[in-house]
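Read through the structure below, which is laid out as structure tokens, and then see the notes.
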Amino acid sequence: MTLIQVSRSGETVLIPPCLPDYLSAIHDLKPIMGKPADEDVKSIHTVMRALNAVAHVPTLYDHDLAIRLSQHLFGVQMAVYRVTYSTTILPGDRSVYVPPALPSHIPGILREVVGVPSEEEIKLAHGALRSAENLVISPHLFDANLSMKLSQHFFNLQFARYMHDSAAGCFVSDSEPEELQTTVAQPNQGAQKDPSVVHENSELGREGQSIPLVAEAEQAPHDQESSELVQLGETIVKAIKDVASESKDVLDNMNRVLMLIKRDQSTVGCVDKYYQVFKNPLNQEGIAASEYGLPQLRYEYINDGYRYHLWMGSDHIVARYLKFFGIASDMIQDGEEPKLINGKEGEAGKLILAQLGVTRP
């Protein structure tokens, strides 16, 4: 997709990359015409932070999208730079780069940069930007507007330094390596008549034959590094699976504990030696009886020989509780309404009480 287009009026239009649904729900990036507004730039930063937040989730993170967003941000920051500063380096250029004011909780002091930025000034700007971005986990301290301005200031200094170095020819060494000079062969029709030239050509031929061996020697470490990277990737994936498996076991244990706590909750009424216990139990799926449409389970405890007795008042409800717990299907008569088979009341009551941990007669 083309990231930069030109409108009919001649203005540059910056086209953002398409976003997946979970990112477009945060900010819908729109094409930018002319000078980018602060809100446009902040939206790009917000989307990039959201994408980086899921970098550890392979099913959500898109490396290609991260590159396209970075390229889009570069184009937007370049557009801001062009409006404010000249992209043509003139002798004695004294452009002034004004940083945003830093709050007290961000270390360092940024001062105006006049002319060509030094490495120290660029490092200070980069450090302030990193400190501001690190506060994203503290919403009460993070300032998206400040982070955007620091990012633009850092870009301005980098680009100004780049333009100066390129104009001064700082990217190319003044002298070519001797190896390159000795291997350049100039065509000469009379070379075969000169014995020294013949000897030089033969030496070059022998050197040329050794080139594949050098390439193979260089290739071996590369292959070894690739193999190590693959092995490292497999180790990381295995570690993630192990951690996920352990987390699942911990969550299962927590679920069992919560279910036991829930099952142990009761309301008790007492009259003389008779105790009535009311419970809203859970089944093995963690569903409460009330969610299943059942009344509270009620049973009696008689403090005279430690006797427990299920007291529901209806065999129909007892049959529904058996189905709720998924037990004793052979005691239930199927139909529109489940019914308990005659003569099974006592046995069914003991089975239901056993689900509550009550096993005394």
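Mind the numbering: the sequence shown is residues 1 to 361 in UniProt numbering, read in order. We put the CB at the ideal spot given by N, CA and C, even for glycine.
Cβ-based neighbour list, residue i, same chain, cut-off 7 Å, excluding 5 preceding and 5 following
{"i": "Asp-315", "result": "Lys-339, Leu-340 and Glu-345"}
{"i": "Ala-348", "result": "Val-318, Leu-322, Ala-328, Met-331 and Leu-340"}
{"i": "Ala-66", "result": "Leu-51"}
{"i": "Leu-135", "result": "Leu-141 and Phe-142"}
{"i": "Ile-26", "result": "Thr-46, Val-47 and Ala-50"}
{"i": "Glu-120", "result": "none"}
{"i": "Leu-23", "result": "Val-47, Ala-50 and Leu-51"}
{"i": "Glu-337", "result": "His-316"}
{"i": "Met-312", "result": "Arg-298 and Val-318"}
8 Å Cβ shell around residue i - same chain, five flanking residues per side excluded
{"i": "Leu-110", "result": "Pro-99, Pro-100, Leu-102, Leu-124, Ala-125, Ala-128 and His-153"}
{"i": "Asp-62", "result": "Pro-20 and Leu-51"}
{"i": "Gln-333", "result": "Ala-319, Lys-339, Leu-340 and Ile-341"}
{"i": "Gln-284", "result": "Phe-325 and Gly-326"}
{"i": "Gly-108", "result": "Leu-102, Leu-124, Gly-127, Ala-128 and Ser-131"}
{"i": "Asp-194", "result": "Only weak support exists for where Asp-194 lies, its pLDDT of 49 falling under 50; the coordinates are left without a value."}
{"i": "Val-268", "result": "Tyr-275, Gln-276, Val-277 and Phe-278"}
{"i": "Val-271", "result": "none"}
Per-residue burial, residue i [other beta carbons within 10 Å of its own, 16 or more giving buried]
{"i": "His-105", "result": "exposed"}
{"i": "Gln-77", "result": "buried"}
{"i": "Asp-21", "result": "exposed"}
{"i": "Tyr-97", "result": "buried"}
{"i": "Tyr-299", "result": "buried"}
{"i": "Ser-166", "result": "exposed"}
{"i": "Lys-279", "result": "buried"}
{"i": "Gly-343", "result": "exposed"}
{"i": "Pro-139", "result": "exposed"}
{"i": "Ala-132", "result": "buried"}
{"i": "Leu-251", "result": "exposed"}
{"i": "Ala-289", "result": "buried"}
{"i": "residue 363", "result": "No answer is possible for residue 363: it lies beyond the span of the chain, which begins at 1 and ends at 361."}
{"i": "Ile-137", "result": "exposed"}
In DSSP terms, what residue i is bridged to
{"i": "Arg-320", "result": "The partner list for Arg-320 (beta bridge, DSSP) is empty, contrary to what the question assumes."}
{"i": "Lys-279", "result": "Leu-297"}
{"i": "residue 363", "result": "Not covered by the structure: residue 363. The range shown for the chain is 1 to 361."}
{"i": "Cys-270", "result": "Tyr-275"}
{"i": "Met-163", "result": "For Met-163, which the question treats as bridged, DSSP gives no partner whatsoever."}
{"i": "Ala-288", "result": "Leu-282"}
{"i": "Met-33", "result": "Val-13"}
{"i": "Tyr-97", "result": "Val-113"}
Cβ distance (whole Å) where residue i is taken to contact residue j below 8 Å
{"i": "Leu-157", "j": "Val-113", "result": "6 Å"}
{"i": "Lys-35", "j": "Val-83", "result": "5 Å"}
{"i": "Pro-17", "j": "Arg-68", "result": "4 Å"}
{"i": "Leu-353", "j": "Phe-324", "result": "Not really, about 14 Å apart at Cβ, beyond 8 Å."}
{"i": "Asp-28", "j": "Asn-145", "result": "Actually they do not touch by this definition, with Cβ atoms about 20 Å apart."}
{"i": "Ser-95", "j": "Ala-160", "result": "7 Å"}
{"i": "Phe-155", "j": "Tyr-81", "result": "7 Å"}
Own chain partners of residue i with C-beta closer than 6 Å, once the 5 adjacent residues on each side are dropped
{"i": "Leu-351", "result": "Ile-327 and Ala-328"}
{"i": "Met-148", "result": "Val-41, Lys-42 and His-45"}
{"i": "residue 370", "result": "The shown model of the chain, from 1 to 361, leaves out residue 370, and the question about it has no answer."}
{"i": "Tyr-292", "result": "Phe-324"}
{"i": "Ile-122", "result": "Leu-157"}
CB contact below 8 Å: residue i versus chain D
{"i": "Gln-284", "result": "Here chain D cannot be found, since the structure has a single protein chain."}
Touch check for the segment 65–73 and the segment 44–57: three-plus C-beta pairs under 8 Å? yes
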